[in-house]
Amino acid sequence: MDDGAYELLQEGRKLMALRQDRAAVPLLELAKLLQPGKSSILEALGQAYFNNNQPGQSRVQFEEALILDPTNHWAHYCLSLCLGRSGSLSEAVGHLKLAVVMEPSNESYRETLRRFRFGLAMPDGQV
Numbered sequence: 000m001d002d003g004a005y006e007l008l009q010e011g012r013k014l015m016a017l018r019q020d021r022a023a024v025p026l027l028e029l030a031k032l033l034q035p036g037k038s039s040i041l042e043a044l045g046q047a048y049f050n051n052n053q054p055g056q057s058r059v060q061f062e063e064a065l066i067l068d069p070t071n072h073w074a075h076y077c078l079s080l081c082l083g084r085s086g087s088l089s090e091a092v093g094h095l096k097l098a099v100v101m102e103p104s105n106e107s108y109r110e111t112l113r114r115f116r117f118g119l120a121m122p123d124g125q126v
């Protein structure tokens, strides 16, 4: 990875650890410009957008990460959270099922899948 992109990624992660996701986004966007096609940058940027209540922007990052690596269970899980927040529970469940199959020991994936399936069974579809 380009040194500049790596430094921006690390600084963005530090800001995210301090719950300063809004401040992390421009750094991570710049890292993405410097080093396109890096899953680690896409994942961090997706997480920063999600934590900043921008599920649409977050979704784009995780979809790009899945284009690079369709077996990225974390990206499937995070994409499902974006879809769930946007109200697309059926699509979210599909990505969660994939994440669970790829990483069956992850209880967070399983619990989220249970919650989303329950949400689909609810009359108003709320999670």
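Numbering (numbering that gives the first Met the number 0), first residue to last: 0 to 126.
Glycine residues also receive a C-beta, built at the ideal position from the N, C-alpha and C atoms.
When the distance is taken between beta carbons, is residue j closer than 7 Å to residue i?
i   : j   : result
S82 : A74 : First, the amino acid is wrong: residue 82 is Leu here, not Ser. No. Outside cutoff.
P54 : S85 : yes
L29 : L7  : yes
I52 : R21 : The residue asked about is misnamed: residue 52 is Asn in this sequence, not Ile. Going by C-beta atoms, N52 is not nearer than 7 Å to R21.
A4  : Q46 : no
Which residues in the same chain as residue i place their Cβ atom closer than 7 Å to its Cβ, once the five residues preceding and following it in sequence are excluded?
i   : result
S89 : L119
Under the rule that 16 or more other beta-carbon atoms within 10 Å means buried, what is residue i, buried or exposed?
i    : result
K37  : buried
R113 : exposed
R18  : exposed
T111 : buried
How many Å lie between residue i and residue j at the Cα?
i  : j   : result
Q9 : A23 : 10 Å
Beta-carbon within less than 8 Å of residue i's beta-carbon, same chain only, minus the 5 sequence neighbours each way: which residues are those?
i   : result
R12 : A23, A43
Less than 6 Å between C-beta atoms, sequence neighbours within five positions excluded: which residues of the same chain meet that for residue i?
i   : result
E62 : none
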